[in-house]
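Novice: Okay, here's the structure, questions in a sec.
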Amino acid sequence: MASPSSSITSISKGLPILSQSTVNPHAPLGKWLLTTSSLVFGMVHIGGVTRLTKSGLSMTDWKPLGSRPPITLDEWTVEFERYKQYPEWEQRQNMTLDDFKYIFYWEWGHRMMGRVVGLVYGAGWAYFTWMHRPKISADSIPKAITSAIPPGYQSRLAVLFAMGGTQGLVGWWMVKSGLGEDRFGDRNEIRVSPYRLASHLGMAVGTYSLLVWTGLGALSFPVDRYAMAAKEKSAETLSMLQQYTKNLSPNALRHAQKVRGGVLTTVGLTGLTILSGAFVAGNDAGNAYNTYPLMNDQWIPLEDMVDPDKVPKWRNVFETTATVQWNHRVLGTATALSAVGVAGFGLLHPLGRASLATMGRSSTTPQVRRGLVSLGTAATAQMSLGIATLLNYVPINLAATHQLGSLVVLTCGLYTAHSLRYASRSVMSKVAIGNVSKVMSGGGGGSGGTIAKGVAVVSKVPTMKL
104 MASPSSSITS ISKGLPILSQ STVNPHAPLG KWLLTTSSLV FGMVHIGGVT
154 RLTKSGLSMT DWKPLGSRPP ITLDEWTVEF ERYKQYPEWE QRQNMTLDDF
204 KYIFYWEWGH RMMGRVVGLV YGAGWAYFTW MHRPKISADS IPKAITSAIP
254 PGYQSRLAVL FAMGGTQGLV GWWMVKSGLG EDRFGDRNEI RVSPYRLASH
304 LGMAVGTYSL LVWTGLGALS FPVDRYAMAA KEKSAETLSM LQQYTKNLSP
354 NALRHAQKVR GGVLTTVGLT GLTILSGAFV AGNDAGNAYN TYPLMNDQWI
404 PLEDMVDPDK VPKWRNVFET TATVQWNHRV LGTATALSAV GVAGFGLLHP
454 LGRASLATMG RSSTTPQVRR GLVSLGTAAT AQMSLGIATL LNYVPINLAA
504 THQLGSLVVL TCGLYTAHSL RYASRSVMSK VAIGNVSKVM SGGGGGSGGT
554 IAKGVAVVSK VPTMKL
């Protein structure tokens, strides 16, 4: 068995991300996935600016492979005349050709950015599948590893590819909702369907989240799945992740479980807040009730929240300005409070203090502590930015930054949740089957280097757990 001193040293360092290919054959894949996620991050930003500049309906056709923009005056004139055949022109007849060029380039740039992301992803996937072969140098890496793609990850990569392809179709489906002949004569400003806008944004955020999670998984795969080098024949062949969980006290594990639950709740709230923001944007609800914290001197403007003309009534939740904005305010506040609350609970609780790490009794790793600080800070800044955007009547620069801020909060939450994977039920069951429910429900006791005194590990983990 590993000596107590080595176990304590491992615990104090936590569960590192391995970005060097010399110790992690899957590091190139992980870095490529995170690079792709950064491109999606940028694409969401460009999409937000496209919406804020009211450029989304400037291109009235869709070609799967894309096309170059107009170049000559004649080409621009033809494109502008095509735009004039659609409903939005009725409300923007004072637009000049130069004005049209401005909105056209935003929409064209957004679409081409999506194709660039698809090309980067598709080329990378093909390269890692058929061409790249890792060089194994670390003793802890099984020699049977012949690919940078970890076992079981091909299906995830296929899902991501399908999501990216579907995103383009969803985007055009969204745009078509603002181009239909039924929109001629609309008294309200021509906009795309808020439901389709939420679907488009939700798909982008879902793709981004899966890219980040899969990238982090690849960068930590050896820590999670490959057994630590055993110095004695009788040593248990556990991965670093499993060894870390095994060496935590029951009290520390219980606290880590609660922190993990709080972080996952915050991630869920962040996702719901982002979707509710899409309905705020789709209904232009940010340009009403520009006071905080009250809305027209009321906490809940009930008289404005239900439009009797909307049938069925549930449509008010997604289409009535007051209700849509109130939902976003409540969800945004709940997200910020959840993030700050879980950060405080994880960092300030006696069991979460970094000083306990040297004794093997801290429930949080250095990675978790950094994540909690980032999550609480980002959520607080995001809520402040949202209030400033509202009070200033949604200027483009603040609104675009606010949308990016939501992805920053989501990223911090995903990183922190991933860093807390040692407290998941699946990992705990592998190192202490039969004792997991007791630990999670508050049973057990004592402190020290094992999950519970006298508990036997009923099965050994193989050198390479696929």
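Those letters in the sequence shown? Residues 104 to 569, by the working numbering. The beta carbon of each residue, even a glycine, is placed where N, CA and C say it ideally should be. Every value quoted in this text rests on a predicted model; they were computed, and no experiment measured them.
Does DSSP put Ser113 in a helix, a strand or coil?
Specialist: Caution applies to Ser113, whose pLDDT of 49 falls short of 50 and renders its modelled position unreliable; the model cannot decide the point.
Novice: Look up Met215 in the DSSP assignment and give the residues it is bridged to.
Specialist: Partner(s): none; Met215 has no beta bridge.
Novice: Can you tell me the Cα-Cα spacing of Ala502 and Gly435, whole angstroms?
Specialist: 15 Å
Novice: I need the DSSP call for Ser487, collapsed to helix, strand or coil.
Specialist: helix
Novice: Measure the Cβ-Cβ separation of Leu319 and His129 and say whether it is below 7 Å.
Specialist: In this structure, Leu319 sits away from His129, with a CB-CB distance that is not shorter than 7 Å.
Novice: Within a Cβ cutoff of 6 Å, which residues of the same chain sit near Leu304, ignoring the five residues on either side of it in sequence?
Specialist: Ala381
Novice: Can you give me the Cβ contacts of Thr156 inside the same chain, cut-off strictly under 8 Å, excluding the 5 residues immediately before and after it?
Specialist: Tyr205, Ile206, Trp209, Ile499
Novice: Between the beta-carbon of Val219 and the beta-carbon of Thr139, is there less than 7 Å?
Specialist: The beta carbons of Val219 and Thr139 sit no closer together than 7 Å.
Novice: What does a CB cutoff of less than 8 Å around Glu292 pick up in its chain, not counting 5 residues either side in sequence?
Specialist: Gln194, Asp387
Novice: Going by beta carbon distance, what residues of the same chain come within less than 8 Å of Gly309, once the five residues before and after it are set aside?
Specialist: Met266
Novice: CA-CA distance, Thr163 and Thr180?
Specialist: Straight-line measurement puts the Cα of Thr180 at about 14 Å from the Cα of Thr163.
Novice: Measure the C-alpha to C-alpha separation of Asn350 and Thr514 and round it to an integer number of angstroms.
Specialist: 29 Å
Novice: Buried or exposed: where does Ile248 fall if 16 or more other Cβ atoms within 10 Å of its Cβ makes it buried?
Specialist: buried
Novice: What are the uninterrupted segments assigned as alpha helix (DSSP H) that are 4 or more residues long and contained completely in the region 364 to 432, given in chain order?
Specialist: 405 to 408, 418 to 422
Novice: Can you give me the start and stop residues for the alpha helix (DSSP H) that Pro119 sits inside?
Specialist: First-last for Pro119: undefined, no H or E at that position.
Novice: Relative to the C-alpha of Val452, which residue among Glu422, Val362, Gly489 is closest?
Specialist: The sequence given here has His at residue 452, not Val. Answer by Cα proximity: Val362.
Novice: State the Cα-Cα distance for the pair Leu168 and Gly212, rounded to the nearest angstrom.
Specialist: 14 Å
Novice: By the three-class DSSP mapping on this structure, what secondary structure does Ser465 have?
Specialist: coil
Novice: Can you tell me whether Gln506 is buried or exposed? The criterion is at least 16 other CB atoms within 10 Å of its CB, across all chains shown.
Specialist: buried
Novice: Thinking Val370 and Leu517 are a contact (beta carbons under 8 Å), I'd like their distance in whole angstroms, please.
Specialist: 6 Å
Novice: So does the region 469 to 486 actually touch the region 428 to 444, counting three or more Cβ pairs closer than 8 Å?
Specialist: yes
Novice: Note down the Cα distance separating Gly117 from Arg259, rounded to an integer number of angstroms.
Specialist: 27 Å
Novice: From the DSSP output, in three-state form, read off Tyr186 for me.
Specialist: helix
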